[in-house]
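Trainee:
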Amino acid sequence: MRKAARILAGLAAFAMLSAQSAPDPRNPSCPAEPDWGPSERMTLTARDVDGTRVLIAQGIIDSTLPNRLQAILNEDEMIAEIWLKSRGGNANAGNQAGRVIRSIPGMLTRIPAGWTCFSACNFVFMGGDRRHVEPGGIFMVHMFTHTSDRSIINESVLDGTKATTELIADIEQSSALLASEDNDFLIRMGISRKLLTEVMYRQQAVRTDENPSTRYCLSQEEVRKYNVMPEERQL
């Protein structure tokens, strides 16, 4: 009975992974149903996996993440890997969390098969001194903007032209600052700047009828090309 239960559980897990891996017909580079974790604050859970101390990080990135991450890494010096699954969140917090990880020599960040690391999660992942995207792991990117909440702009439009102009100016200034920070971060982490210029900033910020997808998922060849996963340090 136990053997049968294990077989059924394995088949269920395989079916789930297959569904997640099915390509999106609107965007074949990405899965139709990415597994990017829960829609709540990122949790940090330390576990032993095959003799390695691993930190499982999954959920939405918020402003508290850098401090919480620093605290758990200080408390548990045996942590050797950080596994990531997230739909993103606070961009500045993602950059800061990446710097926290980089402060620990030799720390490896990993996107396991079937897991998705999107948006701000990209920058947390890139903080790893060593980085590994498993075959079937999804490094998903998009055009980085100051806000994706279009309702904010819509409300401002109702307030009149002056309010709209001021909001757009604020967003443009903040976006420019964030772009500069992203560029500096990539250089410091040893990532090719072409990841921004050739991939991230070429994605659409909003959906259109002609291009309904604003996301792009890097292939195994591309994560090596842009040094997201350094060729000489694969595990």
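When we follow numbering that gives the first Met the number 0, the leftmost residue of the sequence shown carries the number 0, and every step to the right adds one. All C-beta atoms, glycine included, are put in the ideal place defined by N, C-alpha and C. Quick caveat: nothing in here was measured; it's all calculated off a predicted structure.
(1) Whole angstroms is fine: what's the gap from Pro65's alpha carbon to Ala92's?
(2) With distances taken between CB atoms, is the gap from Phe124 to Leu83 smaller than 7 Å?
(3) Would you please state the rounded distance, in angstroms, between the beta carbons of Leu54 and Val99? I believe it to be under 8 Å.
(4) Taking the C-alpha atoms as reference points, what is the distance between Ala112 and Arg101?
(5) Apart from the five residues just before and just after Leu217, which ones in its own chain have a Cβ nearer than 6 Å to its Cβ?
(6) How many angstroms separate the CA atom of Ala31 from the CA atom of Gly50?
(7) Helix, strand or coil for Glu80? Go by DSSP, reduced to three states.
(8) Out of curiosity, what's the CA-to-CA distance linking Asn26 and Met106?
(9) Within 10 Å of its beta-carbon, does Asn182 have 16 or more other beta-carbons around it, so buried, or fewer, so exposed?
Mentor: In short, the structure shows the following:
(1) Distance between the alpha carbons of Pro65 and Ala92 is about 6 Å.
(2) Leu83 is positioned such that its CB atom lies closer than 7 Å to that of Phe124.
(3) About 12 Å separates the beta carbons of Leu54 and Val99, which is beyond the 8 Å limit, so they are not a contact pair.
(4) Distance from the CA of Ala112 to the CA of Arg101, rounded to the nearest whole angstrom, comes to 23 Å.
(5) Cβ neighbours of Leu217 within its own chain (closer than 6 Å, five residues either side excluded): Phe138.
(6) Ala31 and Gly50 have their C-alpha atoms spaced approximately 34 Å apart.
(7) Looking at Glu80 - three-state DSSP - the assignment turns out to be strand.
(8) Rounded to whole angstroms, Asn26 to Met106 spans 33 Å at the Cα level.
(9) The residue is exposed, with fewer than 16 neighbouring Cβ atoms inside 10 Å.
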